[in-house]
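Undergrad:
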């Protein structure tokens, strides 16, 4: 199946969103960027997700009181396009920023390095 857009309404979630290691297909819904209180674990790794990584996911690192600190993992999918510069908003990330095993193109934006 696909990732339901309604999951974006889980805007008060703090400690983890994990749907990794399934057989989910289709794009990452832009609505997931509404999870601005999420601090630990956005895990969508090891699926069959396609399309671009939505720029709205950068909103997870853009709230003053809540910032993503650990485990942003869209790794091992079939994501394509450029890596969004908005992911550079994860300024408090201590570990687990994994984009590997996808089909991204271009260079890693300086905002993300």
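Residue numbers (this note's numbering): 13 to 125. Yeah, the Cβ is synthetic: ideal placement off N, Cα and C, and Gly gets one too. Predicted, not measured: the structure shown is a model, and the values here were computed from it.
(1) Name the DSSP bridge partner or partners of residue 55?
(2) Are there 16 or more other CB atoms within 10 angstroms of the CB of residue 115, so buried, or fewer, so exposed?
(3) With a 10 Å radius around its C-beta and 16 neighbouring C-beta atoms as the bar for buried, classify residue 125 as buried or exposed.
(4) If contacts are defined as beta-carbon pairs under 8 Å, then residue 86 and residue 57 qualify, I think. What distance do you get, rounded to the angstrom?
(5) In chain order, what residues of the same chain lie with their CB nearer than 6 Å to the CB of residue 113, ignoring the 5 residues before and after it?
TA: Taking the definition as stated:
(1) Here residue 55 is taken as the residue at index 43 of the chain shown, counted from 1. Paired residues: 30, 85.
(2) Stepping through the chain shown from its first residue, residue 115 is reached at position 103. Exposed, since its Cβ has fewer than 16 Cβ neighbours within 10 Å.
(3) Indexing the chain shown from 1 puts residue 125 at position 113. It counts as exposed.
(4) One-based indexing of the chain shown puts residue 86 at position 74. One-based indexing of the chain shown puts residue 57 at position 45. Their Cβ separation, rounded to whole angstroms, is 7 Å, which keeps residue 86 and residue 57 in contact under 8 Å.
(5) In the chain shown, the residue the question calls residue 113 occupies position 101. 87, 88, listed in sequence order.
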